[in-house]
Amino acid sequence: METYIAFTSEPIVSPAAGSAGREIGAELEFHGIVRETEHGAAIAGLQYEAYVPMAEREIARIIAGLNTQWPCETVWFIHRIGWVPVGEPSLYIRIRSSHRQQAFHFCMALIDQLKTDAPIWKRAALPENISQPGRSPLDS
Amino acid sequence: MKVLAFAAARERAGFAELEIPVNPSDTPRAILTRIAPHMSLADLRAAVDYEYWDWDTPIGAAAELAVIPPVSGG
Numbered sequence: 123m124e125t126y127i128a129f130t131s132e133p134i135v136s137p138a139a140g141s142a143g144r145e146i147g148a149e150l151e152f153h154g155i156v157r158e159t160e161h162g163a164a165i166a167g168l169q170y171e172a173y174v175p176m177a178e179r180e181i182a183r184i185i186a187g188l189n190t191q192w193p194c195e196t197v198w199f200i201h202r203i204g205w206v207p208v209g210e211p212s213l214y215i216r217i218r219s220s221h222r223q224q225a226f227h228f229c230m231a232l233i234d235q236l237k238t239d240a241p242i243w244k245r246a247a248l249p250e251n252i253s254q255p256g257r258s259p260l261d262s
Numbered sequence: 005m006k007v008l009a010f011a012a013a014r015e016r017a018g019f020a021e022l023e024i025p026v027n028p029s030d031t032p033r034a035i036l037t038r039i040a041p042h043m044s045l046a047d048l049r050a051a052v053d054y055e056y057w058d059w060d061t062p063i064g065a066a067a068e069l070a071v072i073p074p075v076s077g078g
C-alpha cells in the first residue's frame with residue numbers, strides 16, 4: 123500500500139493522483155468541511171493545531187493497522203492546520219481499493235481513529251471576533 | 005530533554021516548550037510534577053519521542069516529552 127500524509131497551513135488542494143491500476147475498482151474522496159456552527163453556536167471558523175511529527179506517525183500507524191483489515195492500494199491524507207474559515211476543508215482523504223466496501227470502511231475508521239488518537243486540536247472562533255477577512259481572530 | 009505542552013495542556017501548564025535536565029529513570033509524571041507541581045494530569049496523555057507513553061514508565065534515553073490533552077482533529 124502507498125500512503126501520502128501531509129499537514130499544511132494553506133488551503134487544501136486535491137493532489138494529482140496519477141492513473142489507477144487495473145485492479146482498482148473504487149476511488150473514494152472525502153472532504154471534511156468546517157461548518158458554520160459548533161455545539162449549536164455560530165462560528166467564523168476553526169483554529170487547528172497539531173503536534174505534526176507525532177501526528178504523522180500516528181496517522182501512518184492507524185493506516186497500517188486498518189490496511190490489515192480493509193486492504194487498500196493507496197491512501198492520501200491531508201490535514202490543514204492554522205486558521206480554517208467556515209466552508210473550507212480541514213481534512214482531505216482519498217482512498218483507492220479493489221472494492222468499494224474496503225474504501226468506505228477504511229475511510230470511516232480512519233476518521234474515527236484520527237479523532238481519538240492523532241494529536242490535533244481545534245478551537246472555535248466566534249464571528250464577532252473577526253476583525254479582518256481571512257485573518258484568524260485567535261492570532262492576536 | 006525538551007518538554008512540550010499543546011492546546012489546553014499548554015494553558016494549564018503555563019508553558020509551551022521547556023528544556024530541562026532529566027535522568028533516564030525519570031517518568032513523565034515525575035518530570036511534570038517537578039516543573040508544574042500544581043498541574044492536574046487528569047485527562048492528559050504523555051507522549052515520549054512521538055509515541056503515547058505511560059505516565060509511570062521511565063523515559064530512558066528519550067529526547068522529547070509532550071503533554072497531550074484530549075484531541076479533536078478532523
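The listed protein sequences derive, respectively, from chains A and B.
For the first sequence, the numbering used here assigns the number 123 to the initial residue and increments by one for each residue that follows.
For the second sequence, the numbering used here assigns the number 5 to the initial residue and increments by one for each residue that follows.
Cβ coordinates follow ideal geometry from the N, Cα and C atoms, glycine included.
Please read all numbers here as calculations on a predicted model, not as lab measurements.
Taking a Cβ-Cβ threshold of 9 Å, none of the residues of chain B is close to methionine 230 of chain A; the smallest such distance is about 12 Å. In the three-state DSSP reduction, arginine 157 of chain A falls in the coil class, being neither helix nor strand.
The stretch 162–171 of chain A and the stretch 217–226 of chain A do not touch, with fewer than three beta-carbon pairs separated by less than 8 Å.
For glutamate 132 of chain A, the three-state secondary structure derived from DSSP is coil.
By the neighbour-count criterion, in which 16 or more other beta carbons inside 10 Å mark a residue as buried, alanine 186 of chain A falls on the exposed side. Nearest neighbour of valine 7 of chain B by Cα position, chosen from B:Glu68, B:Pro41, B:Val75, turns out to be B:Glu68. Listed along chain B is no residue with a C-beta nearer than 9 Å to that of isoleucine 217 of chain A; the closest approach is about 16 Å. Taken in chain order, the members of the stretch 140–163 of chain A whose beta-carbon sits within less than 9 Å of a beta-carbon on chain B are Gly154. In the displayed model, phenylalanine 226 of chain A falls within a helix according to three-state DSSP.
Under a criterion of Cβ atoms nearer than 7 Å, the residues of chain B adjacent to isoleucine 233 of chain A are, in order, Gly78.
Neighbourhood of phenylalanine 10 of chain B in chain A, by CB distance below 8 Å: Glu171, Tyr173, Pro241, Trp243, in chain order.
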